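Quick notes on the structure that follows.
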Amino acid sequence: KQEVTQIPAALSVPEGENLVLNCSFTDSAIYNLQWFRQDPGKGLTSLLLIQSSQREQTSGRLNASLDKSSGRSTLYIAASQPGDSATYLCAVNQAGTALIFGKGTTLSVSS
Amino acid sequence: GAGVSQSPSNKVTEKGKDVELRCDPISGHTALYWYRQSLGQGLEFLIYFQGNSAPDKSGLPSDRFSAERTGGSVSTLTIQRTQQEDSAVYLCASSYRQGGSSGANVLTFGAGSRLTVL
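In structure tokens form, the structure reads like this:
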């Protein structure tokens, strides 16, 4: 059974810092991995999707990497801003199931 | 519509009552999912629909939970005889289709329905 783990559960950084969020999964037979952002009281917004054949995806200050064989993905946020404060969730997509989510990392960026 | 629409956004009910939560997916999306997010927990898969195929109900926590999707579009999640542990945010998502190694399975989520059972 696939399990997705995110470390750390919470992270506080000052504005301007670069940071890395970690996601690991136990079954490497995935189609793709997605990173989502969730603001308090809101739904999820898809940030990046990495196909199983890809190593990384970039969008603005965000860069997500995927090492499928080792069951790891990282989300790198450059030059963090207070507006980046949110919960970040990773989810894996594999055959025969809906997306399986980690519990998220809650990020707080102080000005 | 432009996005996934869920209603009601907030629902407070008494223990033992039935509730219905509605999801209106993006037009043309054939896959529709329901997830539950409890305080401090991750997203828990409940059920998904893919086109005219039989839904995957493997995540429903008990027989008090059921869902239907009419005409391949709007979906209703029904919780009968609600219990306090049912209190959570219920999220709906849709995509062009489920699974597969393509961008067609990128999920778009609604804002959720927050259920509070007193």
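Taken in sequence, the protein lines are chains C and V. In case it helps, the numbering used here puts the first sequence at residues 1057 to 1167. In case it helps, the numbering used here puts the second sequence at residues 1217 to 1334. For glycine and all other residues, C-beta sits at the position ideal for the given N, C-alpha and C. Computed from a predicted structure; not experimentally measured.
Beta-carbon spacing of residue i, residue j below 9 Å
i: N1119 of chain C; j: L1131 of chain C; result: yes
i: R1280 of chain V; j: I1263 of chain V; result: no
i: R1093 of chain C; j: L1105 of chain C; result: no
i: I1133 of chain C; j: Q1058 of chain C; result: no
i: V1322 of chain V; j: S1311 of chain V; result: yes
Per DSSP, the bridge partner or partners of residue i
i: A1327 of chain V; result: None, per the DSSP bridge assignment.
i: R1111 of chain C; result: DSSP, once it has assigned bridges, lists no residue as partnering R1111 of chain C.
i: L1067 of chain C; result: C:L1163
i: L1104 of chain C; result: C:W1091
i: V1322 of chain V; result: Paired residues: none, contrary to the question.
i: R1252 of chain V; result: V:E1260, V:Y1306
Spatially closest choice to residue i from the options, by CA coordinates
i: Q1257 of chain V; options: C:V1165, C:T1143, C:A1154, C:S1166; result: C:T1143
i: Q1113 of chain C; options: C:G1097, C:G1099, C:Q1090; result: C:Q1090
i: Q1300 of chain V; options: V:L1259, V:T1324, V:C1239, V:E1230; result: V:E1230
i: G1219 of chain V; options: V:G1232, V:S1225, V:P1241; result: V:P1241
i: L1145 of chain C; options: C:P1138, C:G1099, C:G1160; result: C:G1160
i: P1064 of chain C; options: C:E1073, C:E1071, C:S1080; result: C:S1080
i: T1082 of chain C; options: C:N1074, C:K1124, C:R1117; result: C:K1124
i: S1108 of chain C; options: C:G1139, C:G1127, C:A1066; result: C:G1127
i: G1287 of chain V; options: V:T1298, V:F1265, V:G1232, V:Y1251; result: V:F1265
Residue i versus residue j - alpha carbon distance
i: V1333 of chain V; j: L1122 of chain C; result: 40 Å
i: G1267 of chain V; j: L1237 of chain V; result: 20 Å
i: S1291 of chain V; j: S1269 of chain V; result: 15 Å
i: D1272 of chain V; j: L1248 of chain V; result: 11 Å
i: L1163 of chain C; j: Q1222 of chain V; result: 26 Å
i: G1326 of chain V; j: C1308 of chain V; result: 6 Å
i: S1303 of chain V; j: L1100 of chain C; result: 19 Å
i: P1224 of chain V; j: L1331 of chain V; result: 9 Å
i: Y1087 of chain C; j: A1154 of chain C; result: 11 Å
i: S1166 of chain C; j: L1255 of chain V; result: 24 Å
i: A1147 of chain C; j: D1234 of chain V; result: 31 Å
i: A1151 of chain C; j: S1274 of chain V; result: 14 Å
i: H1245 of chain V; j: R1297 of chain V; result: 31 Å
i: P1277 of chain V; j: L1259 of chain V; result: 13 Å
i: Y1251 of chain V; j: E1284 of chain V; result: 14 Å
Open item on the list: By the 9 Å beta-carbon criterion, what residues does the region 1087-1120 of chain C contribute toward chain V?
Closed with: Y1087, N1088, Q1090, F1092, Q1094, G1097, K1098, G1099, L1100, T1101, S1102, L1105, Q1107, S1108, S1109
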